[in-house]
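Beneath this line is the structure, given in structure tokens, with notes to follow.
Numbering (my numbering), first residue to last: 3 to 386.
Next up, the structure:
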């Protein structure tokens, strides 16, 4: 017990939690380069939303939850340089959002509309709005018995959160949406209403400090989506490594994902060029090197997660249209260029054939390298 007391939330562990959060946050949208915010050019901002003044860590965390919420993190960061206003905006559920509680009570819409009206009044008198929405531990959890449910039939935001987003956007103020959640959220109806989206999922106990560092440019986000992001619940199942099919899509709806697997923006920009192989052909048991040049073409230092995908063009069994086989996270100073090399041993080209034998079949393999699963450079390697 004494050891546990001495190390729980100790400085070293909190710094590790903070660094993990910095690596994990994903920038999904940044219209007109609104982010990062300039602390010297903003006089006031509003932190609004049901998740703004509470910490959400997911179901598998200690109770009570301990950590830095978004409101506190921003207040701590700006000190007295910027006036910070707060409004709850709306509520997702009533009471403490315990993952273990069987009963989940949604907030009365009438009460939420009153909170939205108050949030609009607050937003009208500031320069920028940071809007924190998403899930809590009761709306995104495991179901283990008939009176403890966890699954939902929709990916829409619970409660009047979408109404809150549209109402705040209607003030004409720049809106930065911070999404705190544990499952994908349907965003098609609000995507165009906000200027920037920072997707933080459950970012850990240092959430507020990490988000503040990112919003004001102390940290350049470099996280990438670990899923293919759907447009709606009707869009499911959707995943990047699907088997080839007609995929005819839907009436009145784009069948492409809202954001592809591996997607994530930065405050700088990266150019991929000169994709090449150590050899264009090789025997089934040989290795091949895949090399690509990455250049930071922006004005800020940043990190890029370089991703290698492989597609077996023709095989004896059906293969995915593409598969992530490797990735490397690199740091580039503004204007710097680095060569990234991937070592591809035979097992990364192997498949289980119809006899359940793991083999490398002769044929062509397309090597794809990029910053996500869609925007890639391609080169063909032939197994002789």
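C-beta: ideal position from N, C-alpha, C; glycine also.
In whole angstroms, what separates the C-alpha of residue i from that of residue j?
i           : j           : result
residue 206 : residue 34  : 29 Å
residue 10  : residue 246 : 49 Å
residue 351 : residue 48  : 52 Å
residue 136 : residue 162 : 11 Å
residue 280 : residue 37  : 40 Å
residue 345 : residue 64  : 41 Å
residue 195 : residue 110 : 25 Å
residue 121 : residue 181 : 18 Å
residue 359 : residue 240 : 29 Å
residue 274 : residue 77  : 39 Å
residue 116 : residue 160 : 17 Å
residue 309 : residue 225 : 12 Å
residue 80  : residue 25  : 22 Å
residue 185 : residue 285 : 43 Å
residue 192 : residue 262 : 18 Å
residue 167 : residue 188 : 13 Å
residue 46  : residue 14  : 33 Å
residue 383 : residue 329 : 19 Å
residue 6   : residue 59  : 20 Å
residue 102 : residue 149 : 11 Å
residue 146 : residue 203 : 23 Å
residue 114 : residue 93  : 6 Å
residue 255 : residue 372 : 27 Å
residue 354 : residue 315 : 15 Å
residue 300 : residue 260 : 25 Å
Let me check one thing: in DSSP terms, what residues is residue i bridge-paired to?
i           : result
residue 311 : 326, 370
residue 283 : 384
residue 343 : 293
residue 361 : 353
residue 261 : 231
residue 62  : Bridge partners of residue 62: none, in fact.
residue 108 : 95
residue 379 : 371
residue 150 : 147
I believe residue i touches residue j by the beta-carbon criterion, under 8 Å. Please report the beta-carbon distance rounded to the nearest angstrom.
i           : j           : result
residue 67  : residue 211 : Not quite, the Cβ-Cβ distance comes to about 16 Å (not below 8 Å), so this is no contact.
residue 294 : residue 276 : 7 Å
residue 385 : residue 367 : 7 Å
residue 1   : residue 128 : No answer is possible for residue 1: the residues shown for the chain start at 3 and end at 386.
residue 333 : residue 323 : Residue 333 to residue 323, Cβ: 31 Å. No contact.
residue 331 : residue 307 : 5 Å
residue 317 : residue 200 : About 40 Å; that fails the 8 Å criterion.
residue 335 : residue 374 : Not a contact, Cβ separation roughly 22 Å.
residue 107 : residue 95  : 6 Å
residue 30  : residue 268 : Contact doesn't hold; Cβ gap of about 12 Å is too wide.
residue 217 : residue 178 : 7 Å
residue 55  : residue 71  : 5 Å
residue 44  : residue 130 : 6 Å
residue 125 : residue 57  : Not a contact, Cβ separation roughly 23 Å.
residue 243 : residue 325 : 5 Å
residue 50  : residue 133 : 5 Å
So, helix, strand or coil for residue i, using DSSP?
i           : result
residue 387 : Outside the shown range of the chain, which is 3 to 386, sits residue 387, and nothing can be said about it.
residue 16  : helix
residue 305 : strand
residue 114 : helix
residue 238 : coil
residue 300 : coil
residue 278 : strand
residue 23  : helix
residue 8   : helix
residue 164 : helix
residue 144 : coil
residue 46  : strand
residue 124 : helix
residue 267 : strand
residue 272 : strand
residue 193 : helix
residue 255 : strand
residue 80  : helix
residue 187 : coil
residue 52  : coil
residue 223 : coil
Could you tell me the boundaries of the beta strand (DSSP E) in which residue i lies?
i           : result
residue 31  : 28–32
residue 210 : Unbroken run through residue 210 is the alpha helix (DSSP H), 209–217; no beta strand (DSSP E).
residue 201 : 198–201
residue 178 : 177–182
residue 89  : 85–89
residue 134 : 130–136
What span of residues does the alpha helix (DSSP H) with residue i cover, start to end?
i          : result
residue 70 : Here residue 70 belongs to no alpha helix (DSSP H), and DSSP marks it neither H nor E.
Is the Cβ of residue i closer than 8 Å to any Cβ of chain C?
i           : result
residue 272 : No chain C appears in this structure, which consists of one protein chain only.
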